[in-house]
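Only one structure is covered here, and it is reproduced in the block below.
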Amino acid sequence: MSELFYNAVPNATRVAPPLPEPRQYPSEKPSRVYLFGTCVVDLFYPEAGMDAIHLLEREGIRVEYPQGQSCCGQPAYTSGYTEQARTVARSQLALFAGDYPVVVPSGSCAGMLREHYADLFKDEPQTLQQVQALAARTYELAEFLLFVCKVQLKDSGEPVKVALHTSCSARREMNTHLHGRELLAQLSNVERVDHSHESECCGFGGTFSVRMPDISGAMVADKTRALKESGAHKVLSADCGCLMNINGSLEKQQEALRGQHLASFLWQRTGGAR
286 MSELFYNAVP NATRVAPPLP EPRQYPSEKP SRVYLFGTCV VDLFYPEAGM
336 DAIHLLEREG IRVEYPQGQS CCGQPAYTSG YTEQARTVAR SQLALFAGDY
386 PVVVPSGSCA GMLREHYADL FKDEPQTLQQ VQALAARTYE LAEFLLFVCK
436 VQLKDSGEPV KVALHTSCSA RREMNTHLHG RELLAQLSNV ERVDHSHESE
486 CCGFGGTFSV RMPDISGAMV ADKTRALKES GAHKVLSADC GCLMNINGSL
536 EKQQEALRGQ HLASFLWQRT GGAR
């Protein structure tokens with residue numbers, strides 16, 4: 286697969302960008318947060334959004350879900366449609382204007398809000414200030430549960446082996462790729478198993494999977510092969526785009542193994558009911 290990739294994209298950089306600086310987290314848990322639901326959660330995995338809300342509400346936090354929210358703008362941004370991405374970003378800035386944390390059940394979408402909106406408005410100082418304020422209060426869900434809520438989870442499920450897939454954005458933009466592991470480590474009957482392609486992309490990449498289907502297909506084939514070989518009973522991820530791609534490949538292979546959003550798994554394992 287790597288030969289196919291580098292032949293198709295000869296100028297691709299092979300060096301990951303520097304990770305962001307460690308964050309300073311608030312000392313007290315907020316009483317209210319926004320949930321940025323993401324379009325993939327809204328359209329394909331609504332249960333992941335609901336379970337994220339359940340987890341937050343169990344911590345005594347009121348969750349607001351602004352109506353009218355849409356895609357974060359990442360597909361337009363990464364495809365070079367800068368003006369369209371700005372239009373989407375302005376809409377989110379208006380919807381999430383209150384001074385509350387914004388919790389996102391996706392490392393990829395959180396990365397767009399926190400790391401890339403600033404690039405869109407680098408020549409608009411007034412809007413850039415709003416963007417920077419939004420970025421400072423944007424959190425990926427697992428990050429928020431661990432470091433702001435400081436959750437202590439109690440497992441109520443049967444023994445199970447799980448493999449964890451972390452998205453490229455969580456690993457290389459947000460530096461939140463270990464947070465899912467830390468939450469799973471709190472569950473006494475859950476064994477997280479390693480797999481050989483932990484740091485590799487699943488091949489989704491938003492519009493990448495549409496523009497380069499052969500490369501995307503080869504990447505997800507590598508990923509699913511490693512997941513199957515791990516002996517896991519279930520695949521977990523905090524990004525629904527990755528889950529959609531991985532589950533689609535597993536279904537096409539007629540495999541019983543399936544993926545689930547981390548929020549849904551945590552909610553169910555700790556006694557939550559649908």
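Going letter by letter, the sequence shown gives residues 286 to 559 in the working numbering.
Note that the Cβ used here is the ideal one computed from N, Cα and C, for glycine as well.
Label Thr423 either buried or exposed according to how many other C-beta atoms from any shown protein chain fall within 10 Å of its C-beta, with 16 as the threshold for buried. Looking up residue 423 in the sequence shown gives position 138. Buried, since its Cβ has 16 or more Cβ neighbours within 10 Å.
State the DSSP-derived secondary structure class of Tyr402, mapped to helix, strand or coil. Locating residue 402 in the sequence shown gives position 117, where the first residue counts as 1. Here Tyr402 sits in helix by DSSP.
Own chain residues within Cβ distance below 6 Å of Ala420, not counting five before or after: As a position in the sequence shown, residue 420 is number 135, starting the count at 1. If we look at Ala420 and ignore the five residues flanking it on each side, its Cβ neighbours are Arg399.
Please specify which runs of the beta strand (DSSP E), each continuous and at least 3 residues long, are wholly inside the segment 428-467, giving them in chain order. If we require 3 residues or more, the beta strand (DSSP E) runs fully inside the segment 428-467 come out as 445-450.
For Ser549, count the other beta carbons within 10 Å of its own beta carbon; 16 or more makes it buried, fewer makes it exposed. Which is it? Mapped onto the sequence shown, residue 549 falls at position 264. The residue is buried, with at least 16 neighbouring Cβ atoms inside 10 Å.
Residues near Leu380 by beta carbon distance below 7 Å, same chain, minus five either side: For this step, residue 380 is matched to residue 95 along the sequence shown. Same-chain partners within the cutoff: Pro351, Gly353 and Gln354.
Meets three-Cβ-pair contact criterion under 8 Å: the segment 442-457 and the segment 466-478: With the cut-off at 8 Å, the segment 442-457 and the segment 466-478 touch.
Taking all protein chains shown into account, decide if Gln538 is buried (16 or more other Cβ within 10 angstroms of its Cβ) or exposed. Here residue 538 refers to the residue found at position 253 of the sequence shown. Of the other Cβ atoms in all chains shown, fewer than 16 fall within 10 Å of the Cβ of Gln538; this residue is therefore exposed.
Give the DSSP bridge partners of Ser522, in chain order. Taking the first residue of the sequence shown as position 1, residue 522 is located at position 237. By DSSP's assignment, Ser522 forms a beta bridge with His450 and His546.
As assigned by DSSP and simplified to three states, the class of Val416: The residue you call residue 416 lines up with position 131 of the sequence shown. In this structure, Val416 counts as helix in the three-state DSSP scheme.
To the nearest angstrom, how far is the alpha carbon of Leu547 from that of Glu483? For the purposes of this step, residue 547 is taken as the residue at position 262 of the sequence shown. For the purposes of this step, residue 483 is taken as the residue at position 198 of the sequence shown. Cα to Cα, Leu547 sits roughly 16 Å from Glu483.
Does the contact criterion of 3 or more C-beta pairs under 8 Å hold for the segment 308-327 versus the segment 382-396? Cβ pair count under 8 Å is three or more, so yes.
Collapsed DSSP secondary structure at Glu332 in the structure displayed: Here residue 332 refers to the residue found at position 47 of the sequence shown. When secondary structure is reduced to three states using DSSP, Glu332 falls in the helix class.
Within a Cβ cutoff of 6 Å, which residues of the same chain sit near Phe489, ignoring the five residues on either side of it in sequence? Residue 489 sits at position 204 when you count from the first residue of the sequence shown. Short of 6 Å from the beta carbon of Phe489, and not among the five residues preceding or following it, lie these beta carbons of its own chain, in chain order: Gly526, Cys527 and Asn530.
Count the CB pairs spanning the segment 463-470 and the segment 424-440 that are closer than 8 Å, and state whether there are at least three. Taking 8 Å as the limit for Cβ pairs, the verdict is that the segment 424-440 does touch the segment 463-470.
Proximity winner among Val433, Leu431 and Ala395, relative to Val416 (alpha-carbon distances): Start at 1 with the first residue of the sequence shown, and residue 416 comes out as number 131. Ranking the options by Cα distance to Val416, first place goes to Ala395.
Distance between beta carbons of Met397 and Tyr362, contact taken as under 8 Å: Position 77 of the sequence shown, counted from the first residue, corresponds to residue 362. Position 112 of the sequence shown, counted from the first residue, corresponds to residue 397. Confirmed, Cβ separation roughly 7 Å.
In terms of residues, what are the limits of the alpha helix (DSSP H) holding Glu349? Sequence index remark: in the sequence shown, residue 349 carries index 64 (1-based). Note, Glu349: premise wrong, no alpha helix (DSSP H); beta strand (DSSP E) at Arg347 to Glu349.
Tell me the rounded alpha-carbon separation between Arg496 and Pro360. As a first step, residue 496 is located in the sequence shown; it is residue number 211 there, counting from the start. As a first step, residue 360 is located in the sequence shown; it is residue number 75 there, counting from the start. Roughly 12 Å separates the two Cα atoms.
May I ask you to report which of helix, strand or coil DSSP gives Glu368? For this step, residue 368 is matched to residue 83 along the sequence shown. Three-state DSSP puts Glu368 in a helix.
Using a Cβ-Cβ cut-off of 8 Å (strictly less than) and excluding sequence neighbours within five positions of Thr412, which residues of its own chain qualify? Here residue 412 refers to the residue found at position 127 when the sequence shown is read from its first residue. The residues are Arg375, Leu378 and Phe406.
Let's see if you can read the secondary structure: which residues bound the alpha helix (DSSP H) around Thr363? Within the sequence shown, the letter at position 78 stands for residue 363. Run containing Thr363: Gln359 to Thr363, per the alpha helix (DSSP H) assignment.
Within 10 angstroms of the Cβ of Arg543, are there 16 or more other Cβ atoms? Answer buried if so, exposed if not. Residue mapping note: residue 543 aligns to position 258 of the sequence shown, counting from 1. Taking all protein chains in view, the Cβ of Arg543 is surrounded by fewer than 16 other Cβ atoms within 10 Å, so the residue is classified as exposed.
Three-state secondary structure (DSSP) of Arg317: Here residue 317 refers to the residue found at position 32 of the sequence shown. Correct three-state label for Arg317: strand.
Terminal residues of the beta strand (DSSP E) in which Thr423 lies: Counting from one through the sequence shown, the residue named residue 423 turns up at place 138. Bounds of the beta strand (DSSP E) holding Thr423 are Thr423 to Glu425.
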